[in-house]
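Each residue of the sequence shown is one higher than the one before, starting from 1 at the first, in my numbering. Yeah, the Cβ is synthetic: ideal placement off N, Cα and C, and Gly gets one too.
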Amino acid sequence: MSSRRWAAVAVVLVLSVATASAPIRRHVLPEIVQIAYAIEQRRIVYSWGGGHAEEPGPSKGTCLGYQGKIKPCPAARTRGLDCSGLTRWVYALAHGEDVLGPGNTDDHVRRMRRVKQAVPGDLVFFGKSAKKTRHVGIYLGRGRMMNAPETGAVVRVDDISRVKGFLGFYRY
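Next up, the structure:
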């Protein structure tokens, strides 16, 4: 065998070993959709700021910044989720860790990358720009999303077209 051929074989072996030991992020998009549907079945109520305690999941909300229809603000006494609290919890369950972290839709969109072709499990953001978002849902396919839409509602499936200000689809 020529020295050139030996060198090529050596490169292939080195690359094989190097890539075999590289961590591979597991494909979680279908799991995200399954988790979202399981949470919908629990009929968790919307709570402004809910889902943003130290750990992801339903929590009491806050009245800071609340502009909802129901007065006085019920969030501080309501255990539930807002839209970004829902996506944070679902992604944490699917990934095994709090990958979106605390914060709101503006904070979460910065951890994502925009994609042209959405697949179920991607997030769909709404707002004026990627720096000024106001709503997020979990894309389910066929123009539908799972979301925590507003005070007085529960986590539910809605058509994406129901919400104004579509920004795009984003993937972690």
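query, result
"Take the Cβ of SER21 as the centre, count every other Cβ of all protein chains shown within 10 Å, and call the residue buried at 16 or more, exposed below.", "Low per-residue confidence applies at SER21: pLDDT is 39, beneath 50, and the placement is therefore not dependable enough to give any value."
"For GLY137, does the count of other Cβ atoms within 10 angstroms reach 16, so buried, or fall short, so exposed?", "buried"
"Look at the Cβ atom of ILE160, then the Cβ atom of ARG134, and state whether they are nearer than 8 angstroms.", "no"
"Count the other C-beta atoms from every protein chain shown that fall within 10 angstroms of the C-beta of SER47, then say buried if there are 16 or more, exposed otherwise.", "buried"
"Leaving out five residues before and five after ALA36 in sequence, what residues of the same chain have Cβ atoms less than 6 angstroms from its Cβ?", "VAL90, ILE138 and MET146"
"Quick check: what's the CA-CA separation for ALA92 versus TYR172?", "12 angstroms"
"Output yes if chain D places a C-beta closer than 8 angstroms to the C-beta of GLY68; else output no.", "In the displayed structure, chain D is absent; only one protein chain is listed."
"Starting from the C-beta of THR62, find all residues in its chain whose C-beta is less than 7 angstroms away, skip the five residues before and the five after it, and write them out in chain order.", "TRP48, GLY49, ALA75 and ALA76"
"Going by the beta-carbon positions, is the gap between TYR170 and ARG113 smaller than 8 angstroms?", "yes"
"Tell me which residue opens and which closes the beta strand (DSSP E) that TYR139 is part of.", "132-141"
"Between the region 97-106 and the region 80-88, are three or more C-beta pairs nearer than 8 angstroms?", "yes"
"Under 8 angstroms between the Cβ atoms of GLY68 and PRO58?", "no"
"If you reduce the DSSP assignment to three classes, tell me which class VAL109 lands in.", "helix"
"Please go through the region 22-88 and give each complete alpha helix (DSSP H) segment of 4 or more residues, from N-terminal end onward.", "29-41"
"How many Å lie between VAL109 and PHE125 at the Cα?", "8 angstroms"
"Taking the alpha-carbon positions, what's the ALA94 to LEU123 distance?", "13 angstroms"
"When burial is assigned at 16 or more other CB atoms within 10 Å of the CB, is GLY141 buried or exposed?", "exposed"
"Roughly how many whole angstroms lie between the Cα atoms of ALA118 and ARG42?", "26 angstroms"
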